[in-house]
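Peer 1:
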Amino acid sequence: MEDLEQQVPAEVKLIVTEEMRSYIYEIAKWARFLSIVGFILSAFLIIGSFGIGAAISANPSMLAQLGPLAGAGGIAITIFYLILALMYFYPSLLLFRFSNKGKQGVLYGDQESMNDAMMNMKSLFKFWGIFTIVIMVCYFLFVMLFAAGMAVK
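Quick note, the sequence shown lines up with residues 1 to 153 if you use the UniProt record's numbering.
Written out as structure tokens, the structure is:
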């Protein structure tokens, strides 16, 4: 085991082949498409949040259909949809940055742009990883609350 650790070179050089560059360039094009779709969805969510909030506040029968959520009212639903819009916007922004920097890095051989592109990709995966953990914890808590509620009855 010690022999293997001693044989590792002090500096590892990574070679980016033309095939890898073409993959990164194609990924950047798809990332740009997905980011633009994400921006559009964010805009629709923002517009919809104000429309839904206003409709619920103006129409008491619609408010009554919300059941237990009726106490929150239209403002809470507007805030919820604005948070959803932010949840779409941030990853879309990271994808857009990756797309721009990745294309620039591949086309011009710009190492700094490629580093920035990979940093944005890392941030995107970190965001989705943390978001996934939060959702899994929420699901677990909801199942436990449901089970506790069923046990009480």
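No residue lacks a Cβ here, since even glycine has one placed at the ideal position from N, Cα and C. For clarity, every value in this text was computed on a predicted model and none was experimentally measured.
Between the beta-carbon of L94 and the beta-carbon of N120, is there less than 8 Å?
Peer 2: yes
Peer 1: Report, in whole angstroms, the separation of the C-beta atoms of F127 and Y90, which I expect to be a contact under 8 Å.
Peer 2: Between Y90 and F127 the Cβ distance is about 7 Å, and since that is below 8 Å, they are a contact.
Peer 1: One question on the structure: do T102 and A117 come within less than 8 Å of each other, judged by their Cβ atoms?
Peer 2: Note that residue 102 corresponds to Gly in the displayed sequence, not to Thr. Their beta carbons are under 8 Å apart, which means G102 touches A117 by this criterion.
Peer 1: If contacts are defined as beta-carbon pairs under 8 Å, then G53 and I77 qualify, I think. What distance do you get, rounded to the angstrom?
Peer 2: 5 Å
Peer 1: Round the Cβ separation of L124 and F98 to the nearest angstrom and send it over; I've been treating them as touching at under 8 Å.
Peer 2: 7 Å
Peer 1: Is D116 helix, strand or coil by DSSP?
Peer 2: Helix, per DSSP.
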